[in-house]
Amino acid sequence: MEIGIVGLPNVGKSTLFNALTGASAAASNFPFTTIEPNVGVVPLPDERLTRLAGEWKSAKVTPSGIRFVDIAGLVKGASQGEGLGNKFLSNIRAVDAIAHVVRCFQDENVVSVMEKLDPINAVDVIDTELLLADLQQCQKALERLHGPANSGDQKARDKKALLTAAIAAFNEGKPARAQKFPPEIIEEYQFLTSKPLLYVANVDEGPVNEGLLAPLRERAKKENAALITLCTKLEAEIVQLPPEERSAYYESAGITTPGLATLAQAGKDLLNLICFFTAGPQETRAWLIPKATRAVKAAGKIHTDIERGFIRAEVYKYDDLARLGNYKALQEKNLIALEGKDYEMKDGDVVYFRFSV
């Protein structure tokens, strides 16, 4: 699953992506050795991984990661094909969620593409283009349904009614995520404004400019969207440092949680993911899967052969391990369960999959 990074020119989108790709390259033992040029993977910090690796004296430790895609730049009129509009819209349709980078810093050396630096107007430009693209898609789909072949089809009539209502809502500026579409409609049309949204406020290195940030915070609250703040310039500089020097840099800057770590966690929440672990002497590894994933599908995340030959899953809870102190105590308390294919995975599950070949 991937999150697309969008934003107007000169908001810090490219700087953020440089930080993301730097984080990918700098991650020790990270499982993405070959990453497309426009994809950055941010390791997801998780203290549980370290604790499990210590319990099993693992030779290798592999974190999970959130994939971010650098979407082609946007200009006003993208929905009409202006600039790289067509590429922008096709790329964003392919991702699962949107991280919208918004400039919330003053810098006379960085030219604003707008007459006045205004985060809300910047958000409106992209929102409008996405709404217009969805509106056009709805109108074209409705035209196709008006053919004589669909005149007596109840499903076609129901769909026409739904699309007509959607067009009216889009014209009122209401995104698809705020409309009650059936899941099959979202799956069929992949509306751009149906995708979960995260605002990334790019702020100054020093004190945050509340005059710029406060309206964006209100906008996010109104839309029930997530919002994080980070300084892309600072994050891009820090990932260039040797790993052993980064903690000292953050400490001297008074930063308790690194911005990229915050972004990765926000991405996990945005995509509605949970984390399970596999642990042993050879490797301890974290895996991200959608909530409500069944055990057999989680096995397929590791390898299709494991899914195909699934027999049982040996499952224990990380919290039980942390509470009791070691794996042997879990055995003595009978806290290692054998689960079948339909077991619903939970965040913090530690699993060993039994399978046949």
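Position one of the sequence shown corresponds to residue 2 (our numbering), numbered consecutively onward.
Glycine is no exception: its CB is placed at the ideal position from the N, C-alpha and C atoms.
Around the Cβ of residue i, are there at least 16 other Cβ atoms within 10 angstroms (buried) or fewer (exposed)?
i    : result
Y200 : buried
E130 : buried
G268 : buried
D108 : exposed
S195 : buried
P64  : buried
A280 : buried
A314 : buried
Suppose the cutoff is 6 angstroms on Cβ atoms and the five residues either side in sequence are ignored; what does the same chain contact list for residue i look like?
i    : result
F69  : I4, I6, L21 and G41
P46  : A262
A237 : T16, N19 and A20
P197 : A98 and L271
In whole angstroms, what separates the C-alpha of residue i from that of residue j?
i    : j    : result
Y344 : A296 : 5 angstroms
N92  : G66  : 21 angstroms
G174 : Y319 : 45 angstroms
D348 : I290 : 9 angstroms
A215 : P183 : 34 angstroms
E284 : R355 : 17 angstroms
A79  : I275 : Residue placement at A79 is poorly supported in this model, since its pLDDT is 49, which falls under 50; the coordinates are not used for a value here.
G55  : G326 : 11 angstroms
D128 : P208 : 28 angstroms
D321 : L336 : 8 angstroms
E340 : Y353 : 10 angstroms
N210 : T233 : 15 angstroms
K181 : K298 : 28 angstroms
L217 : P120 : 7 angstroms
F106 : Y251 : 20 angstroms
V240 : K117 : 32 angstroms
E245 : A330 : 35 angstroms
E308 : M2   : 19 angstroms
Who are the Cβ neighbours of residue i in its own chain at under 7 angstroms, not counting the five residues just before and after it?
i    : result
K160 : L146
S357 : G310 and I312
K302 : W288 and I290
S253 : none
Quick one, which of the options has its alpha-carbon nearest residue i's?
i    : options                   : result
V49  : A330, F278 and P282       : Reading off the sequence shown, one finds Arg at residue 49, where the question assumed Val. Answer by Cα proximity: F278.
L228 : G255, H101, V316 and S195 : H101
L164 : I186, D154 and R178       : I186
D205 : L235, A293 and V126       : L235
R286 : L198, S59, L143 and E224  : S59
L213 : A123, V352 and E315       : A123
A293 : D119, I72 and K342        : K342
I72  : G8, W57 and T51           : G8
P282 : K141, Y328 and R247       : Y328
L361 : V126, A167, Q155 and V351 : Any property of residue 361 remains undetermined from this structure, which presents the chain solely from 2 to 358.
R52  : M346, Q332, A338 and R324 : R324
R94  : T230, E189, A300 and R220 : E189
Excluding sequence positions up to five away, which residues of its chain have a Cβ less than 8 angstroms from the Cβ of residue i?
i    : result
V12  : V102, V103, R104, A123 and N203
L265 : Note on identity: in this sequence residue 265 is Ala, with Leu being the wrong assignment. Closer than 8 angstroms at the Cβ level, and outside the excluded window around A265, lie V43, P44, L45, P46, G66 and I67.
V351 : L53, F277, F278, T279, A280, V316, Y317, K318, Y319 and L322
**Asked** Are three or more beta carbon pairs between the stretch 162-172 and the stretch 126-138 nearer than 8 angstroms?
**Response** yes
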